[in-house]
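Trainee: Residues in the sequence shown are numbered consecutively from 33, following the working numbering. Quick reminder that beta carbons are idealized off the backbone N, C-alpha and C, glycines included. The model shown is predicted, which means the values in this text are computed figures rather than measured ones. This structure is in structure tokens; I'll ask about it shortly.
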Amino acid sequence: MSARRFDPLRFYENLPNLGIDGPLTEELPTALVAPRAPLGADRLTLAAARDALLDPVRRWSPHFDWMGIADDFAVAFVALFGGDDRERRMLCAHIGYCARALADRDVIKIGVELLPIAGLCPWDFLEIGGTELTVVSGDGDNLVWRGAMSGGARVGLPTQIDAIGEDSVSVGSMYAPGAHVWTNGQIEVVSDDVPVPLLFDWQGEFWRVRSDGRIGPAGRPDAIRLSATIHKARRIGDA
33 MSARRFDPLR FYENLPNLGI DGPLTEELPT ALVAPRAPLG ADRLTLAAAR DALLDPVRRW
93 SPHFDWMGIA DDFAVAFVAL FGGDDRERRM LCAHIGYCAR ALADRDVIKI GVELLPIAGL
153 CPWDFLEIGG TELTVVSGDG DNLVWRGAMS GGARVGLPTQ IDAIGEDSVS VGSMYAPGAH
213 VWTNGQIEVV SDDVPVPLLF DWQGEFWRVR SDGRIGPAGR PDAIRLSATI HKARRIGDA
């Protein structure tokens with residue numbers, strides 16, 4: 033028996049009852065109870081938990097640790113990569129998404145602003161000093177900027193943008209060797225033998241987060257070494 037399938041193009045429109053109508057449910061499905069439970073749950077158990085969460089009549093108690101449940105299912109989703117059970121992995125993704133929605137149901141909702149982008153399939157977006165920078169796919173320039181300054185450039189196969197300082201950004205890639213630095217409309221190439229998803233300033237030095245797990249400045253490329261492939265990375269504050 034397989035889990036109920038959802039249209040992949042509308043997958044994330046299927047959410048729990050986030051309103052005030054319906055009887056309050058005070059008992060969680062088995063797959064949601066114990067920490068790390070999703071890793072030990074089979075597809076039928078996960079499907080039953082997902083379907084219970086999506087029951088439009090049930091109203092789920094706000095006293096459950098929805099954020100913790102969402103984190104557990106995010107961990108399970110990642111842990112299931114590399115296997116052949118895509119259905120189980122996607123059930124974990126959907127349950128985690130539902131739990132996150134329940135955790136955030138009382139968060140103030142803000143408006144959504146749609147911005148036209150000069151390119152196809154945006155990968156990342158950043159505003160710095162009145163200039164909006166976007167990484168896009170397709171032919172032609174794949175780093176475009178507009179606002180206080182406007183322009184574009186072809187910079188390998190970029191996948192993310194991160195602020196380095198007040199007027200510079202790291203343009204990193206998970207596909208093409210090296211990275212680029214954009215500073216007030218000027219592009220600097222940062223050569224490397226592997227993709228560099230992220231550049232960041234640390235005590236006056238540019239550190240590189242390389243896809244092969246090496247993290248360090250140009251003179252000490254493996255100051256830190258991780259036993260993992262790094263596809264994406266962010267610096268948030270000092271973390």
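(1) Starting from VAL201, trace the beta strand (DSSP E) both ways and give me its first and last residue.
(2) Let me know if LEU50 comes out buried or exposed under the rule of 16 or more other beta-carbons within 10 Å of its beta-carbon.
(3) Is it true that the CB of ASP173 sits closer than 8 Å to the CB of GLY184?
(4) Throw me the rounded Cβ distance for the THR166 and ALA180 pair, which I believe falls under 8 Å.
(5) Leaving out five residues on either side along the sequence, give the residues of the same chain with a beta carbon under 7 Å from the beta carbon of ARG75.
(6) Could you tell me the distance, in whole angstroms, from the CA atom of PRO61 to the CA atom of PRO253?
(7) Okay, do the region 94-104 and the region 126-135 touch, 3+ Cβ pairs below 8 Å being the bar?
(8) Between PRO209 and ILE262, is the Cβ-Cβ spacing less than 8 Å?
(9) Following the continuous alpha helix (DSSP H) through ILE127, name the residue where it begins and the one where it ends.
(10) Measure the alpha-carbon distance for PRO227 versus ARG267 and round it to whole angstroms.
(11) On the DSSP bridge assignment, give the partners of PRO148 in chain order.
(12) Buried or exposed for TRP214, please, with buried defined as at least 16 other CB atoms from any protein chain shown within 10 angstroms of its CB.
(13) Can you give me the C-alpha to C-alpha distance between PRO249 and SER182, rounded to a whole angstrom?
(14) Please identify the residue among GLY114, LYS264 and PHE113 whose C-alpha is closest to the C-alpha of GLN192.
(15) Under the rule that 16 or more other beta-carbon atoms within 10 Å means buried, what is ILE256, buried or exposed?
(16) Compute the Euclidean distance between the alpha carbons of ALA125 and PRO94, then round it to the nearest angstrom.
(17) Can you tell me whether PHE105 is buried or exposed? The criterion is at least 16 other CB atoms within 10 Å of its CB, across all chains shown.
(18) In terms of alpha-carbon separation, which member of SER259, GLU237, GLY236 and PHE238 lies closest to ARG246?
(19) According to DSSP, is ARG91 helix, strand or coil?
Mentor: Reading it off the structure:
(1) Taken as a continuous stretch (DSSP letters only), the beta strand (DSSP E) holding VAL201 covers 200-204.
(2) exposed
(3) yes
(4) THR166 to ALA180, Cβ: 15 Å. No contact.
(5) ALA35, GLU119, ARG120 and LEU123
(6) 48 Å
(7) Judged by pairs of C-beta atoms under 8 Å, the region 94-104 touches the region 126-135, as three or more such pairs exist.
(8) Contact annotation: PRO209 and ILE262 have beta-carbon atoms that are not nearer than 8 Å.
(9) DSSP places ILE127 in the uninterrupted alpha helix (DSSP H) bounded by 118-135.
(10) 17 Å
(11) None, per the DSSP bridge assignment.
(12) buried
(13) 30 Å
(14) LYS264
(15) exposed
(16) 21 Å
(17) It counts as buried.
(18) If you compare the alpha carbons of SER259, GLU237, GLY236 and PHE238 with that of ARG246, the shortest gap goes to SER259.
(19) strand
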